[in-house]
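One structure is given here, and the rest of the page talks about it.
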Amino acid sequence: MAAPPESTNAPNAGGIASGLPKCYAFKNWLQEYAEKADLPAPEYHTVKEGPAHEPVFRSTVAIDGAKYDSLPGFSNRMAAEQSAAEAALMEILESIPTTKRIPADVRLKLIP
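Quick note on numbering: numbering that gives the first Met the number 0 labels position 55 of the sequence shown as 54, and the sequence is numbered without any gaps.
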């Protein structure tokens, strides 16, 4: 039997540990980044393709005038949106000096 996904122990906005598996926390972290950087909330656009009995999802998230695409081929909308949020966060971390744009408490969650 496979082990469950590793959970985050990082506190949420209320200071309570979220308990979300890390693979489901990227949307939350991107939302926190947007709020703390005084940016509009991220907007997700998700496309469902393929036959009804075997749909495939892909997603794009727009934040601060930039768009970030998910990896292709997810079996559900939630996973595609998490992938897009992860892509956005990773690109933001690489392109912007983190000490200037990402608040320390959010940055600590993103960098292992």
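Don't be surprised by glycine CBs; every beta carbon is placed ideally from N, CA and C.
Compute the beta-carbon to beta-carbon distance between residue i and residue j, rounded to the nearest angstrom, for a pair I have assumed lies under 8 Å.
i	j	result
residue 73	residue 55	7 Å
residue 45	residue 79	6 Å
residue 51	residue 40	Contact doesn't hold; Cβ gap of about 31 Å is too wide.
Roughly how many whole angstroms lie between the Cα atoms of residue i and residue j?
i	j	result
residue 71	residue 37	30 Å
residue 81	residue 25	6 Å
residue 85	residue 65	14 Å
residue 43	residue 88	14 Å
residue 170	residue 29	No answer is possible for residue 170: it lies beyond the span of the chain, which begins at 0 and ends at 111.
residue 31	residue 62	12 Å
residue 69	residue 57	6 Å
residue 67	residue 75	18 Å
residue 49	residue 94	34 Å
residue 27	residue 90	16 Å
residue 23	residue 53	22 Å
residue 35	residue 47	31 Å
DSSP puts residue i in a beta bridge; with which residues?
i	result
residue 65	62
residue 43	60
residue 31	Paired residue(s): none; residue 31 is not in a bridge.
Is residue i helix, strand or coil by DSSP?
i	result
residue 53	coil
The ligand PLP heavy atoms versus the CB of residue i: any closer than 6 Å?
i	result
residue 24	Absence of the ligand PLP is noted for the structure shown, with no ligands found whatsoever.
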